[in-house]
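J.: Residue numbers (the working numbering): 1142 to 1342. Dumping the structure here so I can ask a few things about it.
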Amino acid sequence: MRADQRGAPPAPSGALPEPRYRLLLCCALAALVILWLPLGLLQEVDALLAYTTPRDLLRDVALLLPMVAAVAAALALLARLGAFASRLLGRGEATQARVAWALLLVPAGWLCAWQLTRSIRLWLQITSGLALSVGSHTRVVGIGVLLALVLMLWGRFGAARLGGRLIELLRGLSAPALALTAAGVLATLWLPPVRHGSPAP
1142 MRADQRGAPP
1152 APSGALPEPR
1162 YRLLLCCALA
1172 ALVILWLPLG
1182 LLQEVDALLA
1192 YTTPRDLLRD
1202 VALLLPMVAA
1212 VAAALALLAR
1222 LGAFASRLLG
1232 RGEATQARVA
1242 WALLLVPAGW
1252 LCAWQLTRSI
1262 RLWLQITSGL
1272 ALSVGSHTRV
1282 VGIGVLLALV
1292 LMLWGRFGAA
1302 RLGGRLIELL
1312 RGLSAPALAL
1322 TAAGVLATLW
1332 LPPVRHGSPA
1342 P
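Structure representation (structure tokens):
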């Protein structure tokens, strides 16, 4: 079997890849930096530019990138701890992988789905001109419908197959996520955040 480009052997057919910390971190970083963060920034950028300059906005985004990376690192650590706890309980490697990837993909998927439903609502509100007031409970129901769809696909295609495809997608997005995070760290070091003496209006 051909080895993976990152040195890890490919997972057997029908099995989730081994939950190594580096792979977990790359997938968490891809989910939060490439999928979740842009959705949150795009819907707020106009409002932010009303109170700050583009340079200050870029400085804040640069600071936000390593902060999101810290959350991704914590999420990957949680997944590794889940795999470790499963091993202490005498579970097999397949169960350890399922536990670890579930602890990473479920919270990351929830964040992305929550942000996506909010962005879709705002887009429909802008394009239709209707005041689509949606409370938090309605968004929870919407995300529940999305999760039910995921569970249906999960049952149809199998957890390992569906999870494996999602992991491969996130793995493919890990390189730009790492590049953006590195750029954010460098930009923060070059232009450190400035604390203003008085609060913004």
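Where a beta carbon is used, it is the ideal one built from N, C-alpha and C, also for glycine.
By the DSSP assignment, the alpha helix (DSSP H) with Val1240 in it spans what residues?
T.: To locate residue 1240, count along the sequence shown from 1; it is residue 99. Note, Val1240: alpha helix (DSSP H), 1234–1269.
J.: Measuring CA to CA, which of Ala1318, Gly1325, Glu1234 is closest to Ala1156?
T.: Translated into the one-based positions of the sequence shown, residue 1156 becomes position 15. Among Ala1318, Gly1325, Glu1234, the Cα nearest to that of Ala1156 is on Glu1234.
J.: Would Val1209 be called buried (16 or more neighbouring beta carbons within 10 Å of its own) or exposed?
T.: Taking the first residue of the sequence shown as 1, we reach residue 1209 at position 68. Buried is the call here.
J.: Can you give the Cα-Cα distance for Thr1258 and Arg1228, rounded to whole angstroms?
T.: Locating residue 1258 in the sequence shown gives position 117, where the first residue counts as 1. Locating residue 1228 in the sequence shown gives position 87, where the first residue counts as 1. For Thr1258 and Arg1228, the distance between alpha carbons rounds to 37 Å.
J.: Which residue's Cα is closest to the Cα of Trp1331: Trp1255, Cys1168, Ala1203, Cys1167?
T.: For the purposes of this step, residue 1331 is taken as the residue at position 190 of the sequence shown. Selected option, being the one with the closest Cα: Ala1203.
J.: For Leu1198 and Arg1232, what's the separation of their Cα atoms in angstroms?
T.: Translated into the one-based positions of the sequence shown, residue 1198 becomes position 57. Translated into the one-based positions of the sequence shown, residue 1232 becomes position 91. The alpha-carbon atoms of Leu1198 and Arg1232 are separated by roughly 48 Å.
J.: Where does Arg1196 sit, in a helix, a strand or coil, going by DSSP?
T.: Counted from its first residue, the sequence shown places residue 1196 at position 55. It is helical.
J.: Compare the Cα-Cα distances from Glu1159 to each of Ala1318, Ala1243, Trp1251 and report the closest residue.
T.: Taking the sequence shown and counting its residues from 1, the one referred to as residue 1159 is at position 18. Nearest option by C-alpha distance: Ala1243.
J.: Pull up the distance between the alpha-carbon of Trp1264 and that of Ala1226, whole angstroms please.
T.: Against the sequence shown, residue 1264 aligns to sequence position 123. Against the sequence shown, residue 1226 aligns to sequence position 85. Looking at the two C-alpha atoms, the distance is approximately 43 Å.
J.: With a CB to CB cut of under 6 Å and the five nearest residues on each side skipped, what residues in its chain are close to Gln1184?
T.: For this step, residue 1184 is matched to residue 43 along the sequence shown. Cβ neighbours of Gln1184 beyond the five flanking positions: Ser1260, Leu1263.
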